[in-house]
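Step one of this worksheet: look at the structure below.
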Amino acid sequence: MMALKIPGALYEQLRQHGEAAYPHECCGVLVGEFDDAGGKIVKGAVRCGNTRTDSPANRYRISPSELVRIQRDALLAGHAIVGFYHSHPDHPADWSGTDLSEAHWTGCSYVITSVENGRAVLTNSFFLRGQEEDKRFDVEAIELIAQNQVPCKAELHKKGGVLACGE
Ligand SMILES: [Zn+2]
Numbered sequence: 001m002m003a004l005k006i007p008g009a010l011y012e013q014l015r016q017h018g019e020a021a022y023p024h025e026c027c028g029v030l031v032g033e034f035d036d037a038g039g040k041i042v043k044g045a046v047r048c049g050n051t052r053t054d055s056p057a058n059r060y061r062i063s064p065s066e067l068v069r070i071q072r073d074a075l076l077a078g079h080a081i082v083g084f085y086h087s088h089p090d091h092p093a094d095w096s097g098t099d100l101s102e103a104h105w106t107g108c109s110y111v112i113t114s115v116e117n118g119r120a121v122l123t124n125s126f127f128l129r130g131q132e133e134d135k136r137f138d139v140e141a142i143e144l145i146a147q148n149q150v151p152c153k154a155e156l157h158k159k160g161g162v163l164a165c166g167e
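Here the working numbering is used: the first residue of the sequence shown is 1, the next is one more, and so on.
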C-alpha cells in the first residue's frame, strides 16, 4: 500500500509548527524520495513563512522564491520535493476546495494537521492525483518510521528554519 513514510521526529516537528503558528496556518515543504512502490519517504521538513498576510488564519501560501530555493537545496542533497504541509486552526484535518484548487504538484502528498485551541490534534495526508483538469485528493496512510531508516546523502541547507535530515 502506498504511504507517506515519515520519521517520527519530523512528524512531531510539523505538528509543532502548526501549534506555534496558531491561530494562523503554518506551511512547509516535505523533501525526500519517491520509493519504487509509488510511496514517499520524507527526509526533511522545511518550515516556510505563510505569505497570505491578508487571511493567514484560513489560507496559506509559500512564496515562489522560497519554493525555488527549497527545491534547489533538495536537489543538491539528492532529494526531491515529495509533499507540502499546512495546518487548519480550529478546523478538521480535511482538505478544502481551496486546498485542492491551489494544489498543483501531482504525485505529491498534502499533509494537513488540525490545531484546536493551539494543540495539534489530527494529521492526515492526501495524495494529489490526475492532471490539472481532473485532479483529486486520495487519502494516504502516514507511516511513522525510525530516523535511522532514512540515511541521507547530504545535509540539507540550514537556512530559514530548515530541519536538516540526519538529526
Ligand atoms: Zn487547508
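Beta carbons are placed, not taken as given, at the ideal position from N, Cα and C, and that holds for glycine.
Every residue with a CB closer than 6 Å to a heavy atom of ligand 1 is listed here in chain order: His86, His88, Ser96, Asp99 and Ile112.
Our two residues, Ala120 and Ser114, have alpha carbons roughly 6 Å apart in a direct line. Nearest neighbour of Lys5 by Cα position, chosen from Glu19, Ala37, Pro23 and Ile41, turns out to be Ile41. Between Gly118 and Tyr11, the C-beta gap is not smaller than 8 Å, which leaves the two residues out of contact.
Between Ala45 and Leu30, the CB-CB gap stays under 8 Å.
Residue environment analysis places Thr106 among the exposed positions, since fewer than 16 neighbouring C-beta atoms fall within 10 angstroms of its C-beta.
Linking Leu67 to Ile112 through their CA atoms gives a straight-line distance of about 18 Å. Exposure of Thr98 is indicated by the presence of fewer than 16 other C-beta atoms within 10 angstroms of its C-beta.
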